[in-house]
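In this note's numbering, the protein residues as written are 2 to 577. Glycine is no exception: its CB is placed at the ideal position from the N, C-alpha and C atoms.
Right, dumping it as structure tokens:
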């Protein structure tokens, strides 16, 4: 039995674990972020809870794992591909890391380059014969500065003073990388690094202005993407226009350009709304610049690899507006056939990528990844979960789909906890909060009662996959909420709670194969309202990770003003 454990540890955020195990004719996977069990958002600590959960789910003992692949960021892990831990500085590994190595004493322990882990997480789960793989994030594996190299621009943290200045930090790390991924004759994934940038790229650019101008927190760049819809393109023309040379190659040194021209707007103060003209326009400018950069890099990736397929990962790949621009533009240009974005594109996906890299590159194994690409969380004892729900006053409803539909159409907010959880940062119908987007007041109602987040941030629509073209401008599946779409004008008045300020919607299409219960619910809603769209947001309160276990779901339900909670087939309702 071939088993590979992947983990993310060391510096940074979003630590976690993934376990691959050969079963039948495919490669099965369970993966989990540490935050889901520790309940600390973006938890970067040693992923002990996640490791234990993955091993328990697979029925594997740590001492029987033959290969552990590690994404470990820091000053002492400068690997361009991979290296055994014995080849690296012992200071790279914490006491928890060392304890893991001792417990898995029979295993080979290998550190994998961060961008390679991202690349494997994207290409390795597909069946594509080859692809250009584009990785764009803030920064990855660190290296020593070369002679004359100035290093990355420091982006600091949110505690930096308001006049935090742009300056070179004195460290080098990969920020934007293009790989050419291919498969051997027997299907083994292989990766060739074609180009890599060690200068602050579009990820650093977006993060710096998100933190130190818009005033958003760490890992909250998605707020800037939502805020951009409130900006005015005509007003934003007064902001710097970057020359073509800044987008001509693998380097996109936009922060360096801003530093050279002295462009550093003042940080938004607490009493100023993000949607004020000044900051909404900056968000629009940021978004347009980032999208231009992603498109340039994607076009370059296809050109220099000669591939017609594109895979994306890294935190910037969560930007749905840029993703849609890339897909539409390159298909219109006739250079792109298939495009895949890893659902866990952020660092949450690198444990999976590290494990896949080890499976293909080190063990030279070739079984295809399981058909389910997103719902990778550990299974939970359904009988125990339902018993816990029954103990809280839940009931087993004869036709639960019809009952939940009626609650939603009556304006109720429903927590939905069924099956394995989603891998990555977005709720995709396994740990979701659902409501009907028809009432104009629903968005404010949901924010006031449950989500407690900024009013400028959009909520996502979901629809049965085969119905999407009726309501949205897409005729292709969007299963992972990674492509921006526009709500057709005739439906915007009927879907006010999920239609953003610019008429867009961060759509998820729901397939009967992977989410049969949710698909049935959407079809039941459509039979009543003629549209079949629901609002889907992550099952959590503000500042919390998405719930993982049924116990987490019950806790969130009882602390917030959710009206109902479905755990598997047991429904709990509140009397208001």
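- Excluding the 5 residues flanking it on each side, residue 264 has same chain C-beta neighbours closer than 7 Å at 241, in chain order.
- Residue 120 is a Cβ neighbour of residue 136, given a cutoff of 8 Å.
- Around the beta carbon of residue 449, fewer than 16 other beta carbons sit within 10 angstroms, so the residue counts as exposed.
- Residues 451, 452, 453, 557, 560 and 561 of the same chain have their beta carbon placed closer than 8 Å to that of residue 542, with the five preceding and five following residues left out of the count.
- For residue 557, the enclosing alpha helix (DSSP H) stretches over residues 551–560.
- Secondary structure at residue 255: helix, using DSSP grouped into helix, strand and coil.
- Within the DSSP secondary-structure output, residue 10 pairs in a beta bridge with 73.
- Distance from the CA of residue 364 to the CA of residue 331, rounded to the nearest whole angstrom, comes to 35 Å.
- Comparing C-alpha distances from residue 96 to each of 417, 324, 49 and 545 shows the shortest one belongs to 49.
- For residue 568 against residue 428, the beta-carbon gap comes to about 15 Å, at or over 8 Å, which does not count as contact.
- Proximity of the region 381–393 to the region 308–321 falls short of the contact definition, fewer than three beta-carbon pairs being nearer than 8 Å.
- Under the three-state reduction of DSSP, residue 286 is assigned to helix.
- Taking the CA atoms as reference points, residue 144 sits about 13 Å from residue 170.
- Secondary structure note for residue 35: it is in no beta strand (DSSP E), with a DSSP letter that is neither H nor E.
- For residue 462, DSSP records a beta bridge to 536.
- Distance from residue 105 to residue 55 at the Cβ level is roughly 13 Å; contact not present, criterion being Cβ atoms closer than 8 Å.
- Here DSSP, grouped into helix, strand and coil, assigns residue 351 to helix.
- Taking the Cα positions, residue 513 is about 44 Å away from residue 94.
- Residue range 310–314 is occupied by the beta strand (DSSP E) that includes residue 312.
- Annotation: residue 120 is outside any beta strand (DSSP E); the continuous alpha helix (DSSP H) that includes it extends over 115–124.
- Residue 260 has its alpha-carbon roughly 16 Å from the corresponding atom of residue 283.
- Excluding sequence positions up to five before and after residue 431, its CB lies within less than 7 Å of the CB of 376, 419, 420, 421, 422 and 423, all in the same chain and listed in chain order.
- Using a Cβ distance threshold of 8 Å, residue 176 and residue 200 count as a contacting pair.
- Per DSSP, residue 339 lies in no alpha helix (DSSP H) segment; the continuous beta strand (DSSP E) that holds it begins and ends at 339–342.
- By the criterion of a C-beta distance shorter than 8 Å, residue 225 is surrounded in its chain by 207, 210, 211, 215, 217, 284, 287 and 288, once the five residues flanking it on both sides are discounted.
- Residue burial annotation: residue 2 is exposed, with fewer than 16 other C-beta atoms found within 10 angstroms of its C-beta.
- For residue 83, the enclosing beta strand (DSSP E) covers residues 83–85.
- Between the C-alpha atoms of residue 51 and residue 16 there is a straight-line separation of about 9 Å.
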